[in-house]
Amino acid sequence: NDMFEKQNVDNFSDNLYNKTVLINWLNKFYSLWIEDIGVEEVTKIAFVPNQNNKFVKFDKVYSDENIDEELKEILTLLGVDIKSQLLNKDIFSFNNFFEKNMHKIKTNNNCSERIDSEVSKLLGKETIDREERDEPTQKIFNKITNWFLSNPEDSINLFKNLYPKRMMLSSPKENLRRYKIAEKIEENNIKYEDLDGIIANRDKVIEIISNSELSKEEIISQLKHIVNSSVEMKEHVDNLISRSIKNVYEYLKNHKDYILPSTLEEWKKNSFSETVFSAKYKKQEIRIVIRPSDLQKIIFYYEEELEALDDYEYQLWTDNGEKQSMITLGDLLKTTGISKIPLKKI
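So in the numbering used here, spot 32 of the sequence shown is number 12, and the numbers just go up one at a time.
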């Protein structure tokens, strides 16, 4: 038992291959020890792992009766290290002890009461001491508000004091910020359940494009994988492309330097690909690549687009729903901040 003192599960498990093996070994160890000298004696002197994976005296921890993980996180952010007070959930050797000692069990009620207390202190400082709410505090309050929205019935039962005052958790400025985000999501027909995937894809695209070691073929392959991974996202992109093609066609059709077919349908019918079109610019045959530029970004999805850009007789046109612009190599260099271009992959 003494060898557990000042240890943590990560360090100790190095000698026992992995955490699962260690937990199984600990359960057998505690069970045999209880059989030998009795649970009352063991609980007086035993070191056990808490939920921070540190070994502490048994009298310092409580049993976790399925406390909501988000509530634990919120309480931790409020400065209460709740996980240090809870026995590792995989240790079951003391179950009989806890059944007979209910005061050694913590529940959602215990957690919510402490959250209520800590939040009341913060709100009191704002009201009495006129303290201005800082960004970290607002982020914690946002997590509480989100939990209320996701768990309405439990919120009423667990937060009898705080839930009726939940509007105090959001300042007018924060409400406006959230409203604008929700409005933008709604405008783009994005479903709430698809947001995580969209964010993950965005980060992946940035990572791929920023990787100068990838060849053109590797970039195309990885971008195609991202696009195909989300049907909803693909439909959204297709709608943007259709809009941009229509807007660019109407813009160029009325431009004196360009000659295009008489109808949009004819232009599409004779296109090189979905987004690459033929046209005459000052009587010279050229290829026009069209991409949406919503969110001030351009992403190339099709191999034909990159092939067209390999040609010296091309123009890249973008559309964000309101403005149509031709993008030159100079524009790309200036906006991306690129000052040198590696040639080894060309």
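Just so it is clear, CB atoms sit at the ideal spot from N, CA and C, and this is done for glycine as well.
Between residue i and residue j, what straight-line distance do the alpha-carbon atoms span, to the nearest angstrom?
i     : j    : result
S224  : D299 : 5 Å
E45   : N81  : 13 Å
I71   : D109 : 45 Å
P132  : N89  : 15 Å
L66   : S92  : 15 Å
Y238  : Q264 : 9 Å
V256  : D218 : 14 Å
K236  : R267 : 17 Å
F77   : E20  : 8 Å
S130  : L58  : 20 Å
N208  : E215 : Reliability of the predicted coordinates at N208 is poor, the pLDDT of 49 falling under 50, and the value obtained from them is presented with this limitation in mind. N208 and E215: Cα-Cα distance of roughly 10 Å.
R157  : L149 : 14 Å
K262  : S242 : 17 Å
I62   : L220 : 48 Å
Q118  : L103 : 11 Å
V60   : K123 : 16 Å
S11   : T87  : 25 Å
F9    : K52  : 29 Å
D274  : Y231 : 18 Å
K153  : F121 : 13 Å
K(-1) : N7   : 12 Å
K40   : H83  : 13 Å
E302  : W247 : 21 Å
S73   : V1   : 15 Å
P116  : D48  : 22 Å
K105  : D16  : 54 Å
N250  : K233 : 16 Å
T107  : E50  : 27 Å
G18   : W5   : 19 Å
K258  : S222 : Note on identity: in this sequence residue 258 is Ser, with Lys being the wrong assignment. Approximately 17 Å between the Cα atoms of the pair.
Leaving out five residues on either side along the sequence, give the residues of the same chain with a beta carbon under 8 Å from the beta carbon of residue i.
i    : result
N68  : V(-11), I3, V28, P29, N30, Q31 and N33
Y143 : F128, S135 and I136
S100 : N141 and L142
D96  : F139, N141 and L142
What residue does the alpha helix (DSSP H) around residue i start on, and which one ends it?
i    : result
V1   : K(-1) to I17
E53  : E49 to L57
P241 : It is not in any alpha helix (DSSP H) - P241 carries neither H nor E in the DSSP assignment.
K123 : E115 to S130
F27  : Element bounds for F27: not the alpha helix (DSSP H) but the beta strand (DSSP E), F27 to P29.
N75  : N75 to K80
If you drop the 5 nearest sequence neighbours on each side, which residues of the same chain put their C-beta closer than 6 Å to that of residue i?
i    : result
F38  : T23, A26 and V28
V36  : N30
K260 : I239
S64  : N30 and N32
L296 : V269 and I307
S305 : T298
E111 : K105
E98  : L58
Between which two residues does the beta strand (DSSP E) containing residue i stretch?
i    : result
I268 : Q264 to P272
L296 : Y294 to D299
F252 : No beta strand (DSSP E) holds F252; DSSP gives it neither H nor E.
I108 : Note, I108: premise wrong, no beta strand (DSSP E); alpha helix (DSSP H) at N88 to I108.
F35  : F35 to K37
N306 : In the sequence as presented, Asn is not what sits at residue 306; that position holds Met. Counting along the chain, the beta strand (DSSP E) containing M306 begins and ends at Q304 to I307.
For residue i, I'd like the list of residues in its chain whose CB is within less than 7 Å of its CB, leaving aside the five on either flank, ordered along the chain.
i    : result
T308 : none
K226 : L244
R146 : T125 and F128
N75  : none
If residue i sits next to residue j, beta carbons under 8 Å apart, how far is it from one beta carbon to the other, in whole angstroms?
i    : j    : result
R94  : L55  : 6 Å
Y294 : V269 : 6 Å
I85  : Y42  : 6 Å
Is residue i close to chain B, meaning its C-beta is less than 7 Å from at least one C-beta of that chain?
i   : result
N81 : Among the protein chains of the structure shown there is no chain B, as only one such chain exists.
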